[in-house]
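Be aware that the sequence shown starts at 1, since it is given in the UniProt record's numbering, and climbs by one per residue.
A virtual CB, placed ideally from N, CA and C, is assigned to each residue, including glycine.
Bear in mind that the values here come from a model prediction, so they are computed numbers and not experimental data.
Working notes for the structure below.
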Amino acid sequence: MTEDENSPRHIRPAGVDDATVEALSLLSQALEMTQRARGRLYDFHQLTGGADRLVGEAVRALRAAGHARQADLVERGLQGADVLPGMWTFQVVEAYDEGYHRRFTEVERSVRQALADGRDHIAEAEMKQRRETH
């Protein structure tokens, strides 16, 4: 047995039935999906920022090639533009973090606390115990 297997963090509290463990597992999986979505928002943020830097380089290259009118069009139309009305990508990430993601995390924690003494990954720990070869 490893130290983790002896940890009360993943042990089912007395009186918690299988249906509750399954429901908590589903909620945990949903939280994990929001974590992945959050990661995609950071991808969106970084990729859009990279695109904006390349737009700046394109503006300079167009000017250097003698295409001032097109450089002005790209500069005015794209460089530093909002990705959503009034928002840059960092603001989209902040809105998600401070709104939906925070609320989701708090609700999941509250439900887990009320139903399983705050313990997480009970279903996974029990599956690990059942499936491990000894």
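Could you tell me the boundaries of the alpha helix (DSSP H) in which residue i lies?
i    : result
A123 : I122 to R131
D18  : D18 to A64
Q113 : R102 to A116
Q70  : A68 to G77
Spatial neighbours of residue i within its chain, please: C-beta separation below 8 Å, excluding the five flanking residues on both sides.
i    : result
E106 : none
R69  : none
A19  : none
L31  : F104, T105 and E108
H45  : T89, F90, V92 and V93
Suppose the cutoff is 7 Å on Cβ atoms and the five residues either side in sequence are ignored; what does the same chain contact list for residue i look like?
i    : result
M1   : With a pLDDT of only 47 at M1, under the threshold of 50, the placement of this residue in the model should not be trusted; the figure read from the coordinates follows. Here the set comprises nothing.
T79  : A quick correction: the sequence has Gln, not Thr, at residue 79. Result list for Q79: D52, V55, G56 and V59, in chain order.
E101 : According to the sequence as given, residue 101 is His; it is not Glu. Excluding sequence neighbours, H101 sits near T34 and R38.
H10  : R119, H121, I122 and A125
V21  : R12, I122 and A123
K128 : none
E132 : none
To which residues does DSSP link residue i through a beta bridge?
i   : result
L84 : M87
Measure the Cβ-Cβ separation of residue i and residue j and say whether it is below 9 Å.
i    : j    : result
R112 : R119 : yes
V83  : T48  : yes
A23  : L115 : yes
Y96  : L41  : yes
Could you check if residue i belongs to the surroundings of the ligand SAH, using beta carbon to heavy atom distance under 8 Å?
i    : result
E124 : This structure simply doesn't include the ligand SAH, nor any ligand for that matter.
Notebook entry, point to check: Does the count of Cβ pairs from the stretch 114–131 and the stretch 23–39 closer than 8 Å reach three?
Noted result: yes
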